[in-house]
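Protein chains in written order, with our numbering: chain A, 1 to 125; chain B, 1001 to 1415. Ideal placement from N, C-alpha and C gives every residue a C-beta, glycine not left out. Values in this document were obtained by computation on a predicted structure and should not be read as measured data.
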Ligand SMILES: Nc1ncnc2c1ncn2[C@@H]1O[C@H](COP(=O)(O)OP(=O)(O)OP(=O)(O)O)[C@@H](O)[C@H]1O
Ligand SMILES: [Mg+2]
């Protein structure tokens, strides 16, 4: 089984750090955390992730802008993006991932079990 | 009012008296008939006079046509009949060839009778006129009263109409005010909620990830596992509070989907669990099995139940009981439709029936300032409207508290 590469873009270091810790300790994932939205594209190019977890609300650049930049890049544009958001209630996502306006969402706080399921389903092969 | 009914009463009484009715009929005779009858009567009396020769005693009979003349034709006719009667009397007397001692006796008698007849006619005519005047006055007064009543009714109607319009305008104003405040409140709440969600959920995420991490590693003992699970549970609860705020603040069209009412009730109970425990409230659930699903906007319906639970909690003293009943019943008019009723019974102080009408009005509250805004039930009613349902707040039949009755329709598909 190959390790999947996950790029986490979130302005909270504790979130990126702990996601990395959880996913990597469980095995099967290699995680890179990036806390500055402006560095997202550069990080993605360098890391070549199989999936990107992207926070919607970040102080320097919004998640939608980051996504637009990522998708405009020929190297990255095929990489699936799952948004993480604090302002969607679990009821709307029903605790699972949800599609809003064609985008995949996970509501914060994310449950690791749910996260793993989503990753298994959507990472590029 | 009183004088009107009193006069109506007297007029009726007069009408009911048969004699008066006959007199009225006679008075209404056409002149030709009256004349014929008068002449006929005088002829008969004259004939009786002539045949019997009783003279003066018979002469009293002439008073009949005289009275009738006055009654049917008035004063002038009365005088005419009086003179005519005297003439007939004289003729009958003369033709009867009564032997008088002196020539002047019949002349004297005739004169005396003529004067008597005229005096009687005059008296009767005066009486009739007095009566007529009286009737005219009564009729006049009656008409005036009727006019006055009609006018008052009209004025009262106009006043009522104006009052209705003012009331409607007031209600409309209140509705608009409510909507304005609600949307203004929503806008600021939405911004606040988004900010709070961001600030609180990120740290919650860190906590949750930490707990997940410990749970994933085989912990040394059950206590530690339990601790980590409690931490996750705590995170879930805290985040559900934020979710209420988010759901509440969102202005969005209703999102209806076929859903289970009892699940919605359970979820809402979780949201007020802390308060229920603090007040040691017993919750009794009486859900009928296989309740039909109904179209629900889950977030809104939970908001509705939370409002109702909080009202019940605020009405009850510690140790109270909240009974939640749900059952379906067939609808007579439509076999395909079913009514799904939810009843919430509390053991609180109940409602004052005098306020029953107002409870659902925005800003109506009986709670001290700062404790209630009076928007809770107004929002509940709006949410029920979205669901094509109704809500009522009454006292329980057993008098032990208040009862909220919600009614949904299984067939409702949204508007
Ligand atoms: N379960 C109940 N028992 C007794 N009275 C009730 C109950 N529910 C509501 N009421 C009465 O109805 C009034 C209006 O209720 P509503 O929920 O609209 O406003 P509120 O509770 O006073 O304020 P808010 O809900 O805005 O905090 C209350 O002030 C209370 O008098
Ligand atoms: Mg209330």
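Counting only Cβ pairs nearer than 7 Å, list the residues of chain B close to residue i.
| i | result |
| --- | --- |
| residue 109 (chain A) | 1201, 1204, 1205, 1208, 1235, 1239 |
| residue 81 (chain A) | Ordered by position in chain B, no residue passes the 7 Å Cβ test against residue 81 (chain A), which lies about 18 Å from the chain. |
Whose Cβ in chain B lies nearer than 9 Å to the Cβ of residue i?
| i | result |
| --- | --- |
| residue 67 (chain A) | In chain order: nothing, as chain B lies at least about 18 Å away. |
From residue i to residue j, what distance separates their C-alpha atoms?
| i | j | result |
| --- | --- | --- |
| residue 121 (chain A) | residue 1213 (chain B) | 21 Å |
| residue 1260 (chain B) | residue 1355 (chain B) | 33 Å |
| residue 1089 (chain B) | residue 1127 (chain B) | 25 Å |
| residue 77 (chain A) | residue 70 (chain A) | 6 Å |
| residue 91 (chain A) | residue 114 (chain A) | With a pLDDT of 49 at residue 91 (chain A), under the threshold of 50, the predicted position of this residue should be treated as unreliable, and no value is reported. |
| residue 1210 (chain B) | residue 18 (chain A) | 7 Å |
| residue 1396 (chain B) | residue 1176 (chain B) | 33 Å |
| residue 1215 (chain B) | residue 116 (chain A) | 15 Å |
| residue 24 (chain A) | residue 49 (chain A) | 14 Å |
| residue 1371 (chain B) | residue 1274 (chain B) | 19 Å |
| residue 8 (chain A) | residue 84 (chain A) | 10 Å |
| residue 64 (chain A) | residue 105 (chain A) | 12 Å |
| residue 1386 (chain B) | residue 1192 (chain B) | 26 Å |
| residue 1336 (chain B) | residue 1179 (chain B) | 35 Å |
| residue 1203 (chain B) | residue 1224 (chain B) | 21 Å |
| residue 1240 (chain B) | residue 1267 (chain B) | 10 Å |
| residue 1399 (chain B) | residue 55 (chain A) | 54 Å |
| residue 1347 (chain B) | residue 1401 (chain B) | 4 Å |
| residue 40 (chain A) | residue 1218 (chain B) | 35 Å |
| residue 16 (chain A) | residue 1205 (chain B) | 10 Å |
| residue 123 (chain A) | residue 1228 (chain B) | 29 Å |
| residue 52 (chain A) | residue 81 (chain A) | 5 Å |
| residue 1061 (chain B) | residue 1042 (chain B) | 9 Å |
| residue 1357 (chain B) | residue 1300 (chain B) | 24 Å |
| residue 1161 (chain B) | residue 1173 (chain B) | 18 Å |
| residue 1270 (chain B) | residue 1284 (chain B) | 14 Å |
Give the single residue among the options whose Cα lies nearest to the Cα of residue i.
| i | options | result |
| --- | --- | --- |
| residue 1306 (chain B) | B:1375, B:1354, B:1319 | B:1375 |
| residue 1197 (chain B) | B:1335, B:1298, B:1238 | B:1238 |
| residue 1280 (chain B) | B:1316, B:1294, B:1255, B:1165 | B:1316 |
| residue 27 (chain A) | A:48, A:34, A:2 | A:2 |
| residue 1286 (chain B) | B:1102, B:1328, B:1092, B:1301 | B:1328 |
| residue 1407 (chain B) | B:1104, B:1292, B:1222 | B:1292 |
| residue 1351 (chain B) | B:1200, B:1158, B:1393 | B:1393 |
| residue 1254 (chain B) | B:1303, B:1158, B:1326, B:1028 | B:1303 |
| residue 74 (chain A) | A:42, A:108, A:86, A:15 | A:42 |
| residue 965 (chain B) | A:12, A:54, A:60 | Because chain B spans 1001 through 1415 in this model, residue 965 (chain B) falls outside it and cannot be assessed. |
| residue 1130 (chain B) | B:1074, B:1318, B:1232, B:1332 | B:1074 |
| residue 1308 (chain B) | B:1208, B:1324, B:1167, B:1284 | B:1324 |
| residue 1410 (chain B) | B:1258, B:1265, B:1284 | B:1258 |
| residue 1208 (chain B) | A:5, A:6, A:14 | A:14 |
| residue 38 (chain A) | A:31, A:20, A:68, A:86 | A:68 |
| residue 1078 (chain B) | B:1256, B:1282, B:1116 | B:1116 |
| residue 10 (chain A) | A:112, A:111, A:61 | A:61 |
Who are the neighbours of residue i on chain A, taking C-beta pairs under 8 Å?
| i | result |
| --- | --- |
| residue 1230 (chain B) | The premise fails here: residue 1230 (chain B) is roughly 15 Å from chain A at the closest Cβ pair, so nothing lies under 8 Å. |
| residue 1198 (chain B) | 57, 86, 87 |
Which chain A residues sit within Cβ distance under 9 Å of residue i?
| i | result |
| --- | --- |
| residue 1216 (chain B) | 22, 25, 26, 112 |
| residue 1398 (chain B) | None at all; the shortest Cβ gap to chain A is about 36 Å. |
Can you list the residues of chain A that residue i reaches, using a CB-CB cut of under 7 Å?
| i | result |
| --- | --- |
| residue 1194 (chain B) | 87 |
| residue 1220 (chain B) | Under the 7 Å cutoff, chain A gives no residues; its nearest Cβ is about 17 Å from residue 1220 (chain B). |
Of the residues that make up the segment 25-57 of chain A, which ones have a beta carbon closer than 8 Å to any beta carbon in chain B?
Cβ contacts with chain B: 25, 26, 57.
Contact list for the segment 6-21 of chain A against chain B, Cβ threshold 9 Å:
Cβ contacts with chain B: 10, 11, 12, 14, 15, 17, 18, 19, 21.
Using a Cβ distance threshold of 8 Å, determine whether the segment 1373-1387 of chain B contacts the segment 1330-1346 of chain B, with at least three qualifying pairs required.
Counting C-beta pairs with one atom in each stretch, the segment 1373-1387 of chain B and the segment 1330-1346 of chain B have fewer than three that are closer than 8 Å, which means they do not touch.
Are at least three pairs of beta-carbons, each pair with one atom in the segment 1066-1073 of chain B and one in the segment 1109-1126 of chain B, less than 8 Å apart?
Contact holds: three or more Cβ-Cβ distances are below 8 Å.
Tell me whether the segment 1140-1155 of chain B and the segment 1107-1117 of chain B touch, counting them as touching only if at least three CB pairs, one residue from each stretch, are closer than 8 Å.
Counting Cβ pairs under 8 Å, fewer than three are found: no touch.
Could you run through the segment 1279-1298 of chain B and flag, in chain order, every residue whose CB is less than 8 Å away from some CB of chain A?
Result list: 1298.
Report the residues of the segment 1334-1346 of chain B with a CB closer than 8 Å to any CB of chain A, ordered along the chain.
Answer in chain order: no residues at all.
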